[in-house]
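Numbering (the working numbering), first residue to last: 1 to 162. Glycine included, C-beta positions come from ideal geometry on N, C-alpha and C. Just so we're clear, the structure is a prediction, and the values are computed from it rather than from any experiment. Okay, structure first, notes after.
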């Protein structure tokens with residue numbers, strides 16, 4: 001066969017833990033390609049608001065119904081709406097952080113699976129895809145283990161001359 005991509009034990013343990021902790025939650029972001037200088041570049045959209053937004057929106061709805069039912073003064077409405085806007089914004093940020101975390105975990109699992117596939121079959125076509133997964137992940141995730149594995153992959157690709 002040929003040389004293989006070295007997969008560090010730390011990276012293997014990280015991905016195996018991610019597979020166990022997030023088994024059954026497949027993250028498939030809406031993805032399309034845009035044209036950048038004549039090449040098709042993938043663009044990922046993180047999903048819609050999730051659980052925390054739903055919970056906060058429900059609480060806000062109940063609060064507003066209570067305020068409406070008891071016909072409170074105008075100033076109470078203003079204060080309630082200000083608090084509602086604040087808590088809704090916090091819930092959106094929490095959901096976005098969770099979605100980015102799941103996105104990064106999914107990218108790491110996919111890169112790991114492709115590295116194993118490459119090591120079994122030496123299919124050079126997957127090296128670019130592995131590199132792209134690592135580049136997308138490193139944009140959002142600062143982890144020494146991931147950066148070390150990305151460095152090993154970059155060195156391997158440079159040695160291969162691809």
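**OP:** Output yes or no for whether 7 Å exceeds the beta carbon distance between residue 81 and residue 56.
**Re:** As a first step, residue 81 is located in the chain shown; it is residue number 81 there, counting from the start. As a first step, residue 56 is located in the chain shown; it is residue number 56 there, counting from the start. For residue 81 and residue 56, no; Cβs fall outside 7 Å.
Original post:
Nearest to residue 5 by CA position, among 153, 78, 60, is which residue?
Top reply: Looking up residue 5 in the chain shown gives position 5. Looking from the CA of residue 5, the closest CA among 153, 78, 60 belongs to 153.
Original post:
For the candidate residues 133, 19, 105, whose alpha-carbon lies nearest to that of residue 115?
Top reply: Reading the chain shown from its first residue, position 115 is the one you call residue 115. Looking only at 133, 19, 105, the smallest Cα-Cα distance to residue 115 is reached by 133.
Original post:
Does the distance from the CB of residue 100 to the CB of residue 156 come in under 7 Å?
Top reply: Position 100 of the chain shown holds residue 100. Position 156 of the chain shown holds residue 156. The Cβ atoms of residue 100 and residue 156 do not sit closer than 7 Å to each other.
Original post:
So residue 79 is in the alpha helix (DSSP H); what residue range does that whole segment cover?
Top reply: Walking along the chain shown from the start, residue 79 turns up at place 79. Element bounds for residue 79: 74-121.
Original post:
Does DSSP classify residue 154 as helix, strand or coil?
Top reply: Against the chain shown, residue 154 aligns to sequence position 154. Three-state DSSP puts residue 154 in a helix.
Original post:
Going by other Cβ atoms of all chains shown within 10 Å of its Cβ, with 16 needed for buried, is residue 14 buried or exposed?
Top reply: As a first step, residue 14 must be located in the chain shown, where it is residue number 14. Residue 14 is buried by the Cβ-count criterion.
Original post:
Are the CB atoms of residue 162 and residue 108 nearer to each other than 7 Å?
Top reply: Looking up residue 162 in the chain shown gives position 162. Looking up residue 108 in the chain shown gives position 108. It is not a contact, given that the beta carbons lie outside the stated cut-off.
Subject >> Exposure of residue 83, with buried meaning 16 or more beta-carbon neighbours within 10 Å >> reply: Counting from one through the chain shown, the residue named residue 83 turns up at place 83. Classified as exposed, residue 83 has fewer than 16 neighbouring CB atoms from the shown chains inside 10 Å of its CB.
Original post:
When we look at the beta-carbon of residue 95 and count the other beta-carbons within 10 Å, is it buried (16 or more) or exposed?
Top reply: By one-based count along the chain shown, residue 95 stands at place 95. Residue 95 should be labelled buried.
**OP:** Pull up the distance between the alpha-carbon of residue 146 and that of residue 64, whole angstroms please.
**Re:** Translated into the one-based positions of the chain shown, residue 146 becomes position 146. Translated into the one-based positions of the chain shown, residue 64 becomes position 64. Their backbone Cα atoms lie some 46 Å apart in a straight line.
**OP:** Could you tell me how far apart the beta carbons of residue 11 and residue 149 are, in whole angstroms, since I believe they sit closer than 8 Å?
**Re:** The sequence position of residue 11 within the chain shown is 11, counting from 1. The sequence position of residue 149 within the chain shown is 149, counting from 1. Confirmed, Cβ separation roughly 4 Å.
Original post:
Can you tell me where the alpha helix (DSSP H) with residue 131 in it begins and where it stops?
Top reply: Your numbering for residue 131 matches position 131 in the chain shown. It spans 125-140 - the alpha helix (DSSP H) in which residue 131 sits, taken as one unbroken run.
Original post:
When burial is assigned at 16 or more other CB atoms within 10 Å of the CB, is residue 24 buried or exposed?
Top reply: The residue labelled residue 24 in the question sits at position 24 within the chain shown. Confidence in residue 24 is poor, its pLDDT being 48 and thus under 50, which makes the residue's placement unreliable; the coordinate value appears in the next sentence. Burial call: exposed.
Subject >> Enclosing alpha helix (DSSP H) for residue 8 [first to last residue] >> reply: Along the chain shown, one-based indexing puts residue 8 at 8. Counting along the chain, residue 8 falls outside any alpha helix (DSSP H), and DSSP gives it neither H nor E.
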